[in-house]
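2 protein chains.
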Amino acid sequence: MTDEDSILAANTAYYHAFSKADIVGMSAIWAEDDVSCIHPGWPVLIGGQNVLRSYGEIFRNPLQEPLEHQKHHVIATGDDGRVFCVEIVGGMALAATNWFKRINGAWRLIHHQASPIAAPIEENDIQPSPKQLN
Amino acid sequence: MTDEDSILAANTAYYHAFSKADIVGMSAIWAEDDVSCIHPGWPVLIGGQNVLRSYGEIFRNPLQEPLEHQKHHVIATGDDGRVFCVEIVGGMALAATNWFKRINGAWRLIHHQASPIAAPIEENDIQPSPKQLN
């Protein structure tokens, strides 16, 4: 299994915990220290307690729409792995960054940010330029 | 000078280049490899050429509003430095992430993402919880 595969598996686990409103699973996915999170429309949240509390609020929100994720792109560099994907929530497209760090052999989330996308997405938009393939 | 100071100086240089529409300065601030950027409303851009091209487009846009940055918070972990700040553009507040990596002794930008903030910002919102101070 390549690092890219392992990072994508961690990313899938994140969205699985989100879809199940599983705060225990979410707690296991996030790292314990040096974490940051910017939900759509929210200011930045720093620190594990603040971040997990925010997921608790989201999970308790009866109006929270289901979330789909697609169009994944991974940048793996040593013990860091960034996943970019498009989240679809309530018919809205969001550009999401999920930043994982390999800690004691496991990929743990250290940063999440999701931003509304104004324009339709073309697959070509997220491809690296030829000189940047690595 | 602490790492936090150096990272904040790199962050200031980024916004200085932005305010001057200085594409050469911007090119020196960004790392050459493994870079990613999500401008407000845009899908993710991967790779140095795509990212720098996007700044060229922004700098040539006659309707581009001036940008202020405030409320900085740094997470410095080894050779990584994340700066979170609030960008004010055209009366709109954005939660921005600027992720730097120390490469050959210099802090170079490897990721930028800015998201509109829906709610007013309180200073307390971005403080770490007591157990997360480090």
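Protein sequences appear in the order of chains A and B.
Take the first sequence: its position 25, counting from 1, is numbered 25 in our numbering, and each next residue is one higher.
Take the second sequence: its position 115, counting from 1, is numbered 115 in our numbering, and each next residue is one higher.
Virtual Cβ for every residue (Gly too), placed ideally from N, Cα, C.
Note that the coordinates shown come from a computational prediction; the quantities given were computed from them, not determined experimentally.
Judging by CA-CA distance, which residue of the options is the nearest neighbour of residue i?
i                 : options                             : result
Met26 of chain B  : B:Pro40, B:Asn11, B:Leu63, B:Ala96  : B:Asn11
His39 of chain A  : A:Ile58, A:Asp33, A:Ala106, A:Ile29 : A:Ile58
Lys71 of chain A  : A:Asp79, A:Gln64, A:Arg82, A:Glu87  : A:Glu87
Gln49 of chain B  : B:Val24, B:His73, B:Phe84           : B:Val24
Glu78 of chain A  : A:Tyr14, A:Ala9, A:Lys101           : Sequence inspection shows Gly at residue 78 of chain A; the Glu mentioned does not correspond to that position. Comparing Cα-Cα distances from Gly78 of chain A to each of A:Tyr14, A:Ala9, A:Lys101, the minimum goes to A:Lys101.
Pro62 of chain B  : B:Tyr14, B:Met1, B:Ala21, B:Asp3    : B:Ala21
His69 of chain B  : B:Glu4, B:Asp3, B:His16, B:Arg60    : B:His16
Ala114 of chain A : A:Cys85, A:Ala76, A:Tyr14           : A:Cys85
Thr2 of chain B   : B:Tyr14, B:Met92, B:Trp42, B:Val74  : B:Val74
What's the C-alpha gap between residue i and residue j?
i                 : j                 : result
Ile29 of chain B  : Ala106 of chain A : 31 Å
Arg82 of chain B  : Ile7 of chain B   : 8 Å
Ala118 of chain A : Val44 of chain B  : 12 Å
Asp80 of chain B  : Ala95 of chain A  : 22 Å
Leu67 of chain B  : Glu65 of chain A  : 33 Å
Arg108 of chain A : His112 of chain B : 21 Å
Gly56 of chain A  : Arg60 of chain B  : 43 Å
Ala31 of chain B  : Ala93 of chain B  : 26 Å
Gly41 of chain B  : Glu4 of chain B   : 29 Å
Ile110 of chain B : Gly90 of chain A  : 31 Å
Arg53 of chain B  : Ser54 of chain A  : 35 Å
Ala13 of chain B  : Ala76 of chain B  : 18 Å
Pro116 of chain A : Pro116 of chain B : 8 Å
Around the C-beta of residue i, are 16 or more other C-beta atoms found within 10 angstroms, so that it is buried, or is it exposed?
i                 : result
Ser36 of chain A  : buried
Val51 of chain B  : buried
Glu123 of chain A : Summary for Glu123 of chain A: the model assigns pLDDT 49, below 50, so the residue's position carries little reliability; its value from the coordinates is reported in the next sentence. With fewer than 16 Cβ atoms within 10 Å of its Cβ, Glu123 of chain A is classed as exposed.
Val34 of chain B  : According to the sequence as given, residue 34 of chain B is Asp; it is not Val. That one is buried.
Ser19 of chain A  : exposed
Asn98 of chain A  : buried
Leu133 of chain A : Residue confidence for Leu133 of chain A is low, a pLDDT of 35 falling below 50, so the modelled location carries little weight and cannot support an answer.
Ile46 of chain A  : buried
Ala9 of chain B   : exposed
Ile103 of chain A : exposed
Please list the terminal residues of the continuous alpha helix (DSSP H) segment that includes residue i.
i                : result
His16 of chain A : 3–19
Ala28 of chain A : 23–29
DSSP puts residue i in a beta bridge; with which residues?
i                : result
His73 of chain B : B:Phe84
Gly41 of chain B : A:Ile117
Leu67 of chain B : B:Val89
If you follow the beta strand (DSSP E) that residue i is part of, which residue opens it and which one closes it?
i                 : result
Asn50 of chain B  : Premise fails: Asn50 of chain B lies in the alpha helix (DSSP H), 48–60, not in any beta strand (DSSP E).
Ala95 of chain B  : 92–103
Ile110 of chain A : 106–116
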